[in-house]
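Worksheet: the structure to be examined is printed underneath.
In this note's numbering, the protein residues as written are 35 to 455.
So this is what it looks like as structure tokens:
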């Protein structure tokens, strides 16, 4: 019954968003859909996770309420100005195709350079054979390349830029197709399944927001299904090749038949963060006072002041009883600010992402579409980890802004300053 109610709420959030905002994929709808869907899936009890107590349910309820409250402020403002939702503009006329191609080609070159640096670094540290023999070590080494590592993750943004280009201009040049294929291949070699999720989900939202109006047409439905199929397929492929399947390691906790073993890995990623968040709340920890919330700033300060004690990137593992270490996007905020983090941070996140979304709806530009899609991905993955404050996210924002300034018709450069209406 709980699962049915939460699933119904998830669908209802999308329908409410479509009816009131004219779009199924507003950040408010995305947030409510994925949190209700993930919690509903948790109560299917496919795994003997620790039961969720009143403390964690209350914490999730507070955070959800504050996110919704923050998101509704710009919505109420937009409702007072109905013109904000009439005849949404197309960004086609604002983008100089030749300059966009120049920017993409430059970024493609940087992405190839970054990937080559990663391969050289891997060969020097552990050897390329470790892709098969020690994939977790490969992932660790991938994550520890300072500064030059940003050129490699640039391939994620390249895929999104290329996807938007294809959406706008339909017939891509051969090198654009090559850039898209190369970008996807780099996610595979990272052995990190979340990187592929990052790329594909971000690109999906970018395509949706690029359209003048979003309707659930046959093409959109097919695109959504293909996106889900690609995500699940890649997820299972990485698990198979790098022996990351959870079924055999956790058989004693799994309640469903072995015939459905393939569903266990996605299920753990979808639902396991809730009992981890509960275990974290019941644990003792020292507050980090903004080191997670302001991670990009902390990393900049670290360059100037190397002795700065930075917050740990990899979270503490908890047995719930499956051993996991991701406790939703709320965990870093509580680490930083305690109980106040549940009240303040989700409110500010909801307010910010909804303001950005409504600005995109009213004054579409390449930057606003690209950035709104990026933060819609962050909203989607918030059931698992916090990408809102990660350095990579803000690196992508800077890249998008530079490309926007370079390839947008100067007569439309005021787009970012006019706001909604």
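The beta carbon of each residue, even a glycine, is placed where N, CA and C say it ideally should be.
Using only the alpha-carbon positions, how far apart do residue 330 and residue 293 sit? Residue 330 sits at position 296 when you count from the first residue of the chain shown. Residue 293 sits at position 259 when you count from the first residue of the chain shown. Approximately 44 Å, taken between the alpha carbons.
Identify whether residue 182 lies in helix, strand or coil by the three-state DSSP scheme. The count along the chain shown starts at 1 and reaches residue 182 at position 148. Three-state result, residue 182: coil.
Skipping 5 residues on each side, what residues in its chain have a beta carbon closer than 6 Å to that of residue 358? As a first step, residue 358 is located in the chain shown; it is residue number 324 there, counting from the start. In its chain, beyond the 5 residues on either side, 306 and 310 have a beta carbon closer than 6 Å to the beta carbon of residue 358.
Between residue 104 and residue 233, what straight-line distance do the alpha-carbon atoms span, to the nearest angstrom? The residue you call residue 104 lines up with position 70 of the chain shown. The residue you call residue 233 lines up with position 199 of the chain shown. Rounded to whole angstroms, residue 104 to residue 233 spans 27 Å at the Cα level.
Pick out whichever of 392, 419 and 412 has its Cα sitting closest to the Cα of residue 115. Walking along the chain shown from the start, residue 115 turns up at place 81. If we check each option's Cα against that of residue 115, 392 comes out closest.
Express the C-alpha separation of residue 288 and residue 99 in angstroms, rounding to a whole number. By 1-based counting over the chain shown, the position of residue 99 is 65. By 1-based counting over the chain shown, the position of residue 288 is 254. A direct Cα-to-Cα measurement between residue 99 and residue 288 gives close to 32 Å.
Opening and closing residue of the alpha helix (DSSP H) in which residue 130 lies: In the chain shown, residue 130 corresponds to position 96, counting from 1. For residue 130, no alpha helix (DSSP H) encloses it, and the DSSP letter there is neither H nor E.
Report the three-state DSSP secondary structure of residue 358 (helix, strand or coil). Numbered from 1 along the chain shown, position 324 holds the residue referred to as residue 358. It is a strand residue.
Should residue 423 and residue 327 be called a contact, given that it needs their Cβ atoms to be closer than 8 Å? As a working note, residue 423 is residue 389 in the chain shown. As a working note, residue 327 is residue 293 in the chain shown. Result yes, Cβ atoms of residue 423 and residue 327 sit closer than 8 Å.
For residue 448, I'd like the list of residues in its chain whose CB is within less than 7 Å of its CB, leaving aside the five on either flank, ordered along the chain. On the chain shown, residue 448 is found 414 positions in, with the first residue counted as 1. For residue 448, the pLDDT reaches just 46, beneath the cut-off of 50, and the residue's location in the model is therefore unreliable, although a value from the coordinates is still provided. Answer for residue 448: no residue qualifies.
Alpha-carbon to alpha-carbon, residue 58 and residue 41: Mapped onto the chain shown, residue 41 falls at position 7. Mapped onto the chain shown, residue 58 falls at position 24. Cα to Cα, residue 41 sits roughly 16 Å from residue 58.
Skipping 5 residues on each side, what residues in its chain have a beta carbon closer than 6 Å to that of residue 63? In the chain shown, counting from the first residue as 1, residue 63 sits at position 29. For residue 63, where only same-chain residues beyond five positions count, the Cβ hits under 6 Å are 47, 48 and 51.
Considering only the alpha carbon of each residue, which of 318, 96, 206 and 68 lies closest to residue 377? Here the question's residue 377 lines up with position 343 in the chain shown. For the residues 318, 96, 206 and 68, the minimum Cα distance to residue 377 belongs to 96.
Residue(s) in a DSSP beta bridge with residue 353: As a working mapping, residue 353 is identified with position 319 in the chain shown. Looking at the DSSP assignment, residue 353 forms a beta bridge with 357.
Look at the alpha carbon of residue 286 and the alpha carbon of residue 361, and state the distance between them as a whole number of angstroms. By one-based count along the chain shown, residue 286 stands at place 252. By one-based count along the chain shown, residue 361 stands at place 327. C-alpha separation (whole angstroms): 23 Å.
Could you check what DSSP says for residue 414 in three-state terms: helix, strand or coil? Along the chain shown, one-based indexing puts residue 414 at 380. The three-state reading of DSSP puts residue 414 in helix, counting H, G and I together.
Continuous alpha helix (DSSP H) stretch holding residue 438: start and end: Residue mapping note: residue 438 aligns to position 404 of the chain shown, counting from 1. Taken as a continuous stretch (DSSP letters only), the alpha helix (DSSP H) holding residue 438 covers 425 to 441.
With a threshold of 8 Å on Cβ separation, who are the neighbours of residue 37 within its own chain once the five nearest residues in sequence on each side are excluded? Here residue 37 is taken as the residue at index 3 of the chain shown, counted from 1. Once the five neighbours on either side are set aside, the close Cβ partners of residue 37 are 74, 75, 77 and 78.
Same chain, Cβ closer than 8 Å to residue 290, five either side skipped, listed in chain order: To locate residue 290, count along the chain shown from 1; it is residue 256. Excluding positions up to five away in sequence, the list reads 80, 297 and 298.
6 Å CB neighbourhood of residue 194 in its chain, flanking five on each side removed: Working through the chain shown from its first residue, we reach residue 194 at position 160. In the same chain as residue 194, and ignoring 5 residues on each side of it, the C-beta atoms closer than 6 Å to its own belong to 236, 237 and 240, in chain order.
Own chain, CB closer than 6 Å to residue 450, minus 5 neighbours either side, in chain order: By 1-based counting over the chain shown, the position of residue 450 is 416. A caution first: residue 450 carries a pLDDT of 44, below 50, which makes its placement in the model too unreliable to give a value.
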